[in-house]
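S.K.: If you count the sequence shown from 1, position 312 lands on 316 in our numbering, and the numbers rise without skipping.
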Amino acid sequence: MNTEEELGRDRGFEFEEDDEENQAIRQPDFHSSSSSSSSSSSSSSNGDNSPRSFDTNERYEGREDSNQPSWPQSYRESIDLLSTVTSPGAGFLPGSSLLQLGSSFFRSGIPINDDQYHHHYQLLTKPLISHSITTTTDPSSIATPPSKPASFYYPSALPPPPRCSTSQAIFNGINVLCGVALLTMPYAVKEGGWLGLALLVLLGLISCYTGILLKRCLDNSPALLTYPDIGQAAFGSPGRLCISIILYLELYACCVEHIILVSDSLSSIFPNTEVNLLGISLTSHQTFAVTAAAAVLPTVWLRDLSLLSFLSVGGVIASILVVLCLFWDGVADGVGFHAEGTLLNLTNLPVSLGLFSFCYSGHSVFPNIYSSMTDPAQFSKVLMVCFFLCTVVYAAVASVGFLMFGESLKSQFTLNMPRRYVSSKIAIWTTVVNPLSKYALTMTPVAASLEELLPSNRKSFLMALVIRTLLVISTLYVALVFPFFGFVMALLGSFFTMLVALIFPCLCYLSIQRKSVPIIEVVFCIFIIIFGVLCAAIGSYSSIKKMVDSLG
Numbered sequence: 005m006n007t008e009e010e011l012g013r014d015r016g017f018e019f020e021e022d023d024e025e026n027q028a029i030r031q032p033d034f035h036s037s038s039s040s041s042s043s044s045s046s047s048s049s050n051g052d053n054s055p056r057s058f059d060t061n062e063r064y065e066g067r068e069d070s071n072q073p074s075w076p077q078s079y080r081e082s083i084d085l086l087s088t089v090t091s092p093g094a095g096f097l098p099g100s101s102l103l104q105l106g107s108s109f110f111r112s113g114i115p116i117n118d119d120q121y122h123h124h125y126q127l128l129t130k131p132l133i134s135h136s137i138t139t140t141t142d143p144s145s146i147a148t149p150p151s152k153p154a155s156f157y158y159p160s161a162l163p164p165p166p167r168c169s170t171s172q173a174i175f176n177g178i179n180v181l182c183g184v185a186l187l188t189m190p191y192a193v194k195e196g197g198w199l200g201l202a203l204l205v206l207l208g209l210i211s212c213y214t215g216i217l218l219k220r221c222l223d224n225s226p227a228l229l230t231y232p233d234i235g236q237a238a239f240g241s242p243g244r245l246c247i248s249i250i251l252y253l254e255l256y257a258c259c260v261e262h263i264i265l266v267s268d269s270l271s272s273i274f275p276n277t278e279v280n281l282l283g284i285s286l287t288s289h290q291t292f293a294v295t296a297a298a299a300v301l302p303t304v305w306l307r308d309l310s311l312l313s314f315l316s317v318g319g320v321i322a323s324i325l326v327v328l329c330l331f332w333d334g335v336a337d338g339v340g341f342h343a344e345g346t347l348l349n350l351t352n353l354p355v356s357l358g359l360f361s362f363c364y365s366g367h368s369v370f371p372n373i374y375s376s377m378t379d380p381a382q383f384s385k386v387l388m389v390c391f392f393l394c395t396v397v398y399a400a401v402a403s404v405g406f407l408m409f410g411e412s413l414k415s416q417f418t419l420n421m422p423r424r425y426v427s428s429k430i431a432i433w434t435t436v437v438n439p440l441s442k443y444a445l446t447m448t449p450v451a452a453s454l455e456e457l458l459p460s461n462r463k464s465f466l467m468a469l470v471i472r473t474l475l476v477i478s479t480l481y482v483a484l485v486f487p488f489f490g491f492v493m494a495l496l497g498s499f500f501t502m503l504v505a506l507i508f509p510c511l512c513y514l515s516i517q518r519k520s521v522p523i524i525e526v527v528f529c530i531f532i533i534i535f536g537v538l539c540a541a542i543g544s545y546s547s548i549k550k551m552v553d554s555l556g
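#1: Rounded to a whole number of angstroms, what is the C-alpha to C-alpha distance between Ile321 and Pro190?
#2: At which residues does the beta strand (DSSP E) containing Trp284 begin and terminate?
#3: By alpha-carbon positions, which one of Ile263, Thr230 and Cys221 ends up nearest to Leu475?
#4: May I ask you to list the residues that DSSP assigns as paired with Asn280?
#5: Grouping DSSP H, G and I as helix and E and B as strand, with all else coil, what is Leu201?
#6: Please classify Asp553 as buried or exposed, where buried requires at least 16 other C-beta atoms within 10 Å of its C-beta.
#7: Would you call the region 293 to 302 in contact with the region 256 to 275, where contact means no fewer than 3 C-beta pairs closer than 8 Å?
#8: Under 7 Å Cβ to Cβ from Val436, same chain only, skipping five residues before and after it: list those, please.
#9: Is the beta carbon of Asn420 sitting closer than 7 Å to the one on Ile83?
#10: Please state if the CB of Cys390 and the CB of Ile174 are separated by a distance shorter than 7 Å.
#11: Figure out for me which residue from Gly208, Ser547, Trp75 and Ser376 has the closest Cα to the Cα of Asp233.
#12: Mind pulling the alpha helix (DSSP H) runs of 4 or more residues that sit fully within the region 423 to 491?
#13: In whole angstroms, give me the CA-to-CA distance for Leu484 and Pro422.
#14: Check each candidate in Ser211, Gln172, Ser453 and Ile216 and name the one with the smallest Cα separation from Leu245.
#15: Could you give the first and the last residue of the continuous alpha helix (DSSP H) run that contains Leu514?
#16: Opposite Ser502 in the DSSP bridges: which residues?
#17: Is Val326 closer than 7 Å to Thr434 when the C-beta atoms are compared?
#18: What's the call for Tyr545, buried or exposed, on a 16-neighbour Cβ count within 10 Å?
#19: Between Ile432 and Ile273, how many whole angstroms is the CB-CB distance? I'm expecting something under 8 Å.
#20: Would you mind giving the Cβ-Cβ distance between Ala451 and Ile471, rounded to the nearest angstrom? I have them listed as a contact below 8 Å.
#21: Going by C-alpha distance, which of Ile533, Leu186, Phe535 and Ser78 is nearest Leu359?
#22: Pairing CB atoms from the region 350 to 366 with CB atoms from the region 193 to 210, are three or more of them under 8 Å?
#23: Pick from Thr448, Leu350 and Thr287: whose alpha carbon is nearest that of Lys194?
#24: Going by the DSSP bridge assignment, what does Met377 pair with across the sheet?
#25: What would DSSP say about His262, mapped onto helix, strand or coil?
#26: In whole angstroms, what is the alpha-carbon distance linking Leu399 and Ala192?
#27: Over the uninterrupted alpha helix (DSSP H) stretch that includes Cys529, give me the two end residues.
#28: What residues in its chain sit with their C-beta under 7 Å from that of Cys510, if we drop five residues either side in the sequence?
#29: Taking a contact to mean a Cβ-Cβ separation below 7 Å, would you say Thr230 touches Tyr79 in this structure?
#30: On the CB-based measure, 16 or more other CB atoms within 10 Å of its CB, does Tyr492 come out buried or exposed?
#31: Grab the span of the alpha helix (DSSP H) containing Ala402 for me, first residue to last.
#32: Given a cut-off of 7 Å on the beta-carbon distance, is the pair Val339 and Met408 in contact?
#33: Quick test of your reading: Ser288 and Asn276, contact by CB under 8 Å. State the CB separation rounded to the nearest angstrom.
#34: Quick check on this structure: which residue in Gln290, Leu440 and Ala237 has the alpha carbon closest to the alpha carbon of Tyr481?
#35: Kindly list the residues whose CB is nearer than 7 Å to the CB of Phe370, restricted to its own chain and excluding five residues on each side of it in sequence; keep chain order.
#36: Give me the residue from Asp333, Ser464 and Gly196 with the minimum Cα distance to Thr418.
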């Protein structure tokens, strides 16, 4: 049994093996009887440093598609472009995909030869979880790859940077976790009361634990690289499909939030802006929503997202800058702090629950960060550091913001900051520029997944432009129909985050590791699942009801 460090090295350099070695890989027979398979022994302990494997035949019996690459294949590369950056000491290079070779045939105009394609196919068709690999020189035992897929538009990835160190992984984790949710933290305290902050801490602890569960799932096989891979390993193709759809819907909804955020910020700066377009009168909010969509549309068309990927590092910088501006307003600019507010507001607590949940919606990219680390054994510590720092920042912003503005708080505290101060202007314009720079990176995984579904004879650059344009228009439409930043974010946190961060990790972990999970941990996972389902139901209902009431 490999140690965790050895497993990490195998995972990181799996795609750099010689072609001759990969030509000798035999595809296991998933339909053979269990009596003909050899069981793998493992430690009875399921700790972080004891990755475990189990009988492949048992896990995949009757699943004819388990050893075939399935939709989505573009997830790894597109999510890397969105979330993985190196720390300032490494030149701000965006993260790479371990599927760099495989992604070649997803890019229009970049050919690969037959040997490269056969090599890549054999890597993709390895079982997601296997206790052993039998080698042979018999050519008939090697899986036969299908014909090359038709070349179609896909944004070019950057050359692979150096592997991610522990400090860089912490930076990446904070970049994922600490985002626009900061803006709603004081509003969450206003809605739920001061005791609502206990939910923030509780959700942080649970989410950190479920992140470690995802790591344990990944430890079962070097072939597991992404969240959809874990879903397929646990529940076959239906699991991969379900998790992928949820992840893509979450990204799509985040793009809607970007447009709402930009339009809210700009309309607060220019409140009297009105436009009459073809006989249609647009309010200030509607005008800037349309403006935001028009501004991001060319970035979505880009074939090479390298420039925007460089800007992904700005997420941490933007968050720090906005927090500093808030504190500066309270201390130096004379806004001051005023003790007020209720201890607990049960009526609006579900909204606070959704907003606090959204703070920890980084599980979709944790597997990518883990797979890129030079020392995967440190991943659990990386998660603990990231969640601790982000929870402290979230709690500090929630407390300071509410003490500054009290019951007058809007869904984004930047809308309450006095316009006459330079710090306020910096904070507002930062919240405008940052979402605009991240929109294309957030939408790219969604667009790429839809392009995969096109028939071979319809895959073209023009069709990709049409799909991406329609996606931008649709997010604009949703943002105009539901222009409620706080309530939309609460719905995202209540529904999507509960599924991705709490429910799915526990379900997948119990499925993959079902023979070795201690009974106490089974009980704890079941408790988390029940807690997540209840929070998702209550929070989603409350958020939808408030949006409907606001529309009425």
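All residues carry an ideal CB built from backbone N, CA and C; glycine is no exception.
M.R.: According to the structure data:
#1: For the pair Ile321 and Pro190, the Cα-to-Cα distance works out to about 20 Å.
#2: It is Ile, not Trp, that sits at residue 284 in the sequence shown. Taken as a continuous stretch (DSSP letters only), the beta strand (DSSP E) holding Ile284 covers Ile284 to Leu286.
#3: Among Ile263, Thr230 and Cys221, the Cα nearest to that of Leu475 is on Ile263.
#4: DSSP lists Ser285 as partners of Asn280.
#5: When DSSP states are grouped into helix, strand and coil, Leu201 belongs to the helix group.
#6: By the neighbour-count criterion, in which a residue is buried when 16 or more other Cβ atoms sit within 10 angstroms of its Cβ, Asp553 is exposed.
#7: Here the region 293 to 302 lies against the region 256 to 275, with 3 or more beta-carbon pairs under 8 Å apart.
#8: These residues qualify, in order along the chain: Val266, Ser269 and Leu270.
#9: Note that the C-beta distance between Asn420 and Ile83 is not below 7 Å.
#10: Yes, they are a contact pair.
#11: Residue Trp75 is the option with its Cα nearest to Asp233.
#12: Within the region 423 to 491, the complete alpha helix (DSSP H) runs of at least 4 residues are 426 to 456 and 465 to 485.
#13: The straight-line gap separating the alpha-carbon atoms of Leu484 and Pro422 is approximately 26 Å.
#14: Comparing Cα-Cα distances from Leu245 to each of Ser211, Gln172, Ser453 and Ile216, the minimum goes to Ser453.
#15: Counting along the chain, the alpha helix (DSSP H) containing Leu514 begins and ends at Phe508 to Ile516.
#16: The residue you asked about is not Ser; residue 502 is Met in the sequence shown. Looking at the DSSP assignment, Met502 forms no beta bridge with any residue, so it has no partner.
#17: Cβ atoms of Thr434 and Val326: closer than 7 Å.
#18: Tyr545 comes out exposed.
#19: In this structure, Ile432 and Ile273 form a Cβ contact; the two beta carbons are roughly 6 Å apart against a cut-off of 8 Å.
#20: Their Cβ separation, rounded to whole angstroms, is 6 Å, which keeps Ala451 and Ile471 in contact under 8 Å.
#21: Of the listed residues, the one whose Cα sits closest to Leu359 is Leu186.
#22: The region 193 to 210 and the region 350 to 366 touch, with three or more beta-carbon pairs separated by less than 8 Å.
#23: Of the listed residues, the one whose Cα sits closest to Lys194 is Leu350.
#24: Partner(s): Cys168.
#25: Of the three classes helix, strand and coil, the one that applies to His262 here is helix, per DSSP.
#26: The amino acid at residue 399 is misidentified as Leu; the sequence shows Ala. Ala399 and Ala192 have their alpha carbons spaced roughly 11 Å apart.
#27: Start and end: Ile523 to Leu555.
#28: If you ignore the 5 residues before and after Cys510, its C-beta comes within less than 7 Å of the C-beta of Thr214, Leu217, Cys529, Ile532 and Ile533, all in its own chain and listed in chain order.
#29: A contact, by the Cβ cut-off of 7 Å.
#30: The question names Tyr, yet the displayed sequence has Val at residue 492. By the 10 Å Cβ count, Val492 comes out buried.
#31: Judged by DSSP secondary structure, Ala402 falls within the alpha helix (DSSP H) whose first and last residues are Phe383 to Phe409.
#32: It is a contact, given that the beta carbons lie within the stated cut-off.
#33: Right, their Cβ atoms sit about 7 Å apart.
#34: That would be Gln290, whose Cα lies nearest to the Cα of Tyr481.
#35: Gly215 and Leu218, listed in sequence order.
#36: Nearest option by C-alpha distance: Asp333.
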